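Chains as they are written, first to last, in this note's numbering: chain A, 1 to 148; chain B, 1 to 90.
Printed below as a string of structure tokens:
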């Protein structure tokens, strides 16, 4: 019930006041954001969403999730956390807001800067490499567990 | 009194939003929404240990044509809200 209340409160803030702020939670948006270190500002959506936008959406169990759009399809978005290796389909009705500002390691930032856009594209570009690296690490650790 | 350590303030449009980060995030969830005056007082409280009277004195110096009684009541209400919210250490 507490989590449901929290989701309603988040949605109300964005709908009625236009914005919502929170400390970062979880590890799914590393290396961009680290749990409890940074601040995110999510605002009402006032322009069409684009690839690389970071959106806040309902996770379906009274929770909200902040992940990045990596694909746009007819009727839904494909999203993935910067530190995740699985995708999720998110329909428009689940989206609550879009990241418009943040404070990372004590410094103000915006997803509209050149540096941020460059990071977003580069990080996505090297996804196959990152995936291969993480998969290899996983397989090696399984082997290590079986041998020792 | 002053704002506890660990709070971060960001300007968002015409407003200012603040959250607790780091260790402070474990005891303070949620966020604070301030207007321009609130942010002004917030920043004064971040600068160091201040009494309500010192804050009012500073505001009277920084702004023209303000009524002291009004500033006093604004500061008093603002500080009370922050104390109730666990944001200010007395």
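All C-beta atoms in this analysis are idealised placements derived from N, C-alpha and C, irrespective of residue type, glycine included.
This structure is a prediction, so every number in the text was calculated from the model and none was measured.
- Find out if the Cβ-Cβ distance for the pair residue 78(B), residue 28(B) is shorter than 7 Å. For the purposes of this step, residue 78(B) is identified with residue 78 of the second chain, where counting begins at 1. For the purposes of this step, residue 28(B) is identified with residue 28 of the second chain, where counting begins at 1. Cβ distance not < 7 Å, so residue 78(B) and residue 28(B) don't count as in contact.
- Message: I'd like the list of long-range same chain contacts for residue 135(A), defined as Cβ closer than 7 Å, with 5 residues on each side in sequence excluded.
- Response: Taking the first residue of the first chain as 1, we reach residue 135(A) at position 135. Excluding residues within five positions, none has a Cβ falling inside 7 Å.
- Item | Between the CA atoms of residue 74(B) and residue 68(B) - distance to the nearest angstrom | Counting from one through the second chain, the residue named residue 68(B) turns up at place 68. Counting from one through the second chain, the residue named residue 74(B) turns up at place 74. So the alpha carbons of these two residues sit roughly 10 Å apart.
- Task: Mark residue 10(B) as exposed unless 16 or more other C-beta atoms lie within 10 angstroms of its C-beta, in which case mark it buried.
- Result: In the second chain, counting from the first residue as 1, residue 10(B) sits at position 10. Residue 10(B) is buried by the Cβ-count criterion.
- Message: Residues in the same chain with beta-carbon distance under 7 Å from residue 8(B), minus the five sequence neighbours each way, listed in chain order, please.
- Response: Here residue 8(B) refers to the residue found at position 8 when the second chain is read from its first residue. Only 18, 19 and 21 meet the Cβ criterion.
- Per DSSP, what kind of secondary structure is residue 30(A) in: helix, strand or coil? The residue given as residue 30(A) occupies position 30 in the first chain. Three-state DSSP puts residue 30(A) in coil, outside helix and strand.
- Item | Any chain B beta carbon closer than 7 Å to residue 67(A) | For the purposes of this step, residue 67(A) is taken as the residue at position 67 of the first chain. Output row for residue 67(A): interface = no.
- When the Cα atoms are used, what is the spatial distance from residue 143(A) to residue 137(A)? Against the first chain, residue 143(A) aligns to sequence position 143. Against the first chain, residue 137(A) aligns to sequence position 137. Using only the alpha carbons, I get a separation of about 10 Å.
- Query: For the 8 Å Cβ check, are there 3 or more pairs between the segment 45 to 56 of chain A and the segment 82 to 102 of chain A?
  - Reply: yes
- Helix, strand or coil: how does DSSP classify residue 144(A) here? Taking the first residue of the first chain as 1, we reach residue 144(A) at position 144. In this structure, residue 144(A) counts as helix in the three-state DSSP scheme.
- Could you say which of 26(A), 113(A), 148(A) and 146(A) lies nearest to residue 82(A) if we only look at CA atoms? Counted from its first residue, the first chain places residue 82(A) at position 82. Residue 26(A) is the option with its Cα nearest to residue 82(A).
- Message: Tell me the rounded alpha-carbon separation between residue 61(A) and residue 94(A).
- Response: As a first step, residue 61(A) must be located in the first chain, where it is residue number 61. As a first step, residue 94(A) must be located in the first chain, where it is residue number 94. Their backbone Cα atoms lie some 12 Å apart in a straight line.
- Item | Proximity winner among 84(B), 12(B), 37(B) and 86(B), relative to residue 70(B) (alpha-carbon distances) | Taking the second chain and counting its residues from 1, one reaches residue 70(B) at position 70. For the residues 84(B), 12(B), 37(B) and 86(B), the minimum Cα distance to residue 70(B) belongs to 37(B).
- Item | Cβ-based burial, residue 13(A) [other Cβ within 10 Å; buried from 16] | For the purposes of this step, residue 13(A) is taken as residue 13 along the first chain, with counting starting at 1. Flag for residue 13(A) reads buried.
- Hey, would you say residue 29(A) sits closer than 7 Å to residue 103(A), going by beta carbons? Taking the first chain and counting its residues from 1, the one referred to as residue 29(A) is at position 29. Taking the first chain and counting its residues from 1, the one referred to as residue 103(A) is at position 103. No.
- Task: Find the nearest neighbour of residue 33(B) within the set 31(A), 19(A) and 147(A), judged by alpha-carbon distance.
- Result: In the second chain, counting from the first residue as 1, residue 33(B) sits at position 33. Taking only the C-alpha atoms, the option nearest residue 33(B) is 19(A).
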